[in-house]
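My numbering applies: residue 4 is where the sequence shown begins, and numbers increase by one. For every residue, glycine included, the Cβ atom is placed at its ideal position computed from N, Cα and C.
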Amino acid sequence: MTGLRRGRPGGAGAGDRRGLIVAAATRLFAEHGFDAVSLRQIAREAGVDPALVHHYFSGKDQVYAASVELPADPDAVLAGLRALPAEERAEELLRAVAGLWEGPRRHAMAAFVRGSLGSRLRTAAMREVFRRRILPRVAEGLPGDDAERELRGSLAATQIAGFVLLRYLVQLEPLASMPLDEAIRLVAPAVQRHLTGPAPGAGTGSRSGPLAG
């Protein structure tokens, strides 16, 4: 027994206990998603009394918010795009995103994605983060009007999301163990085509093409 009152942080080490809880929650959310994780599981993973979790956090939503804050500032992550012409951005964009998943914040990234997709509310929040903080930086300077640039950025994002999903979450081989430089070299042309290739809808699938009804 430590002599600490149940559910209270005590003196020295209180910040460490909160950090243990956040770290444990990050791991569990990353592995199982938001809905499958309980506060009791988080406490057990952190090695603390469940009442201590309630001391620091009002509920699971607050624990989630602490554990899956954006792992990096989008402005900082995507800063390198501004120095490149639109025709040369795909590799830099992939490398910037992959850097988050290859580094020490990979568990927080996985928790953010899996937790955000675990409920309608969190999916909506994730959509807003992307729409307001990420897509405008990707679409800046691309060909076309505002609507076309937004569509180009969204289409490029589908390629990047698929790359992230299969390499880091599903861990599909051989992509998962492929050297990063090689993986980026193979995926970048598809991303670049969406960024600066023919206008979306200009191919055979458009209304003016041979498939038009």
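Report the CB separation of residue i from residue j in whole angstroms; it is logged as a contact under 8 Å.
i	j	result
Val25	Phe32	With a Cβ gap of about 10 Å, Val25 and Phe32 do not count as contacting.
Leu178	Arg170	5 Å
Ile163	Arg98	Not a contact, Cβ separation roughly 11 Å.
Leu96	Val167	Contact doesn't hold; Cβ gap of about 12 Å is too wide.
Ala150	Thr29	With a Cβ gap of about 37 Å, Ala150 and Thr29 do not count as contacting.
Shortest alpha-carbon distance to residue i belongs to which of the options?
i	options	result
Val100	Glu90, Ala79, Glu91 and Arg117	Ala79
Pro182	Asp19, Pro77, Glu105 and Ala46	Glu105
Ile137	Pro77, Gly147 and Arg109	Pro77
Leu55	Leu145, His110, Gly102 and Gly22	Gly22
Ser70	Glu91, Ala82, Pro88 and Gly36	Gly36
Gly147	His197, Leu81, Ser119 and Val173	His197
Where does residue i fall in DSSP's three states?
i	result
Ser157	helix
Val51	coil
Gly204	coil
Phe166	helix
Leu145	coil
Asp38	coil
Gly106	coil
Leu175	coil
Arg117	helix
Alpha carbon to alpha carbon, how far is residue i from residue j?
i	j	result
Ala86	Asp52	50 Å
Pro201	Ala191	16 Å
Ala49	Tyr59	13 Å
Val141	Arg20	39 Å
Leu81	Pro139	11 Å
Cβ contact (3+ pairs, closer than 8 Å) linking the stretch 45 to 65 and the stretch 131 to 151:
Under the Cβ criterion (8 Å, minimum of three pairs), the stretch 45 to 65 does not count as touching the stretch 131 to 151.
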